[in-house]
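This report refers to the structure that appears directly beneath it.
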Amino acid sequence: MDNLEQYILDNTKPEEELMHRLERETYLRVINPRMISGHLQGKLLEMLVRMLRPQRVLEIGTFTGYSALSIARGLDDGAYIDTIEVDDELEDIAAKYFEASEYGHRVRQHIGSALEVVPRLGEVYDMVFMDGDKREYPDYYRMLMDGGYVRSGSFILADNILWYGKVAQPIAHNDKHTEAIVAFNRMVREDDRVDNVIIPIRDGINLIRVK
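The sequence shown maps to residues 136 to 346 in my numbering.
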């Protein structure tokens, strides 16, 4: 962690104990724990939710549940988040912390491919946090926009869209992740149905508003 990031953390409201335990357990038990959203991004998600006040939120990519709980914390009473994770080995960790949290009743946990679960749920979402398989970002976007699962005024937040800076470099042979993210960013930029801005926090968030 560099000095600037430490300064930002020192001047941001501290992480609550439950979230700290979740992050610590993720680093102890899970392969590739850096995929967790963490305190700064979690706090940003919470604040955005408080500003936008969505009633129905979709998360694609639960991981161990940090971002879902951050979003749930910011939701109004009666609002909820559907969070979807394809890796069933992560289900128990996330479920444990959802149950322990005072905001866990706002979380509806689903296991499976988002491309199958979202059509089955059949909801229209006010906000979507996209943090699943990067190779499927273009497919997620097409599903949401063409399938009617977002509406005019909905927001889509796509995580990791700078992909460690690889998006600004020549794409290596057979690098499907970078290839898909570059295609996704271009797809959003060229879509007249939306407005967007890329926020360079952590690994980048593409903040998209449906017109």
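The beta-carbon is built from N, C-alpha and C at its ideal position, and this holds for glycine as well. Being a predicted model, the structure only gives us computed values, none of them experimental.
Residue pairing of Leu193 in beta bridges, as defined by DSSP: Asp217 and Val263.
Contact annotation: Ile195 and Tyr275 have beta-carbon atoms nearer than 7 Å. Counting only runs of at least 3 residues, the segment 289-339 fully encloses the following beta strand (DSSP E) elements, listed from N- to C-terminal order: 329-334. Looking at the backbone, the Cα of Phe198 and that of Asp327 are separated by about 32 Å.
For the pair Arg270 and Lys311, the CB atoms are nearer than the 7 Å cut-off. Taken through DSSP and simplified to helix, strand or coil, Ile228 comes out as helix.
Counting only runs that start and end inside the segment 159-205, the beta strand (DSSP E) elements of at least 3 residues fall at 191-195.
Only buried fits Ala249, as 16 or more other CB atoms lie within 10 angstroms of its CB.
Ala207 is positioned such that its CB atom lies no closer than 7 Å to that of Ile219. Less than 7 Å separates the beta-carbon of Val242 from that of Ala203. Under the three-state reduction of DSSP output, Leu139 falls in the helix class. Apart from sequence neighbours up to five positions away, the residues of its chain that approach Tyr232 with a beta-carbon distance below 6 Å are Leu157 and Gly200, ordered along the chain. Below 8 Å, too few C-beta pairs join the segment 187-194 and the segment 152-168 to call them touching: fewer than three.
Between Tyr299 and the set Val285, Ile336 and Met265, the nearest pair of CA atoms involves Ile336. The three-state secondary structure of Leu279, taken from DSSP, is helix. If you check the CB distance, Ser289 and Val323 do not come in under 7 Å.
Within the same chain, Cβ atoms closer than 8 Å to the Cβ of Ile306 are found at Thr313, Glu314 and Val317, the five residues on either side in sequence being excluded. Scanning Met262, Asn341 and Leu225 for the CA closest to the CA of Arg191 turns up Met262. Contact check for Met280 and Tyr272: beta-carbon distance about 12 Å, past the 8 Å limit, so the pair fails to qualify. Proximity to Ile228 across Ile246, Asp212 and Asn146 peaks at Ile246, based on C-alpha coordinates. The continuous alpha helix (DSSP H) containing Arg255 extends over residues Ala249 to Leu256.
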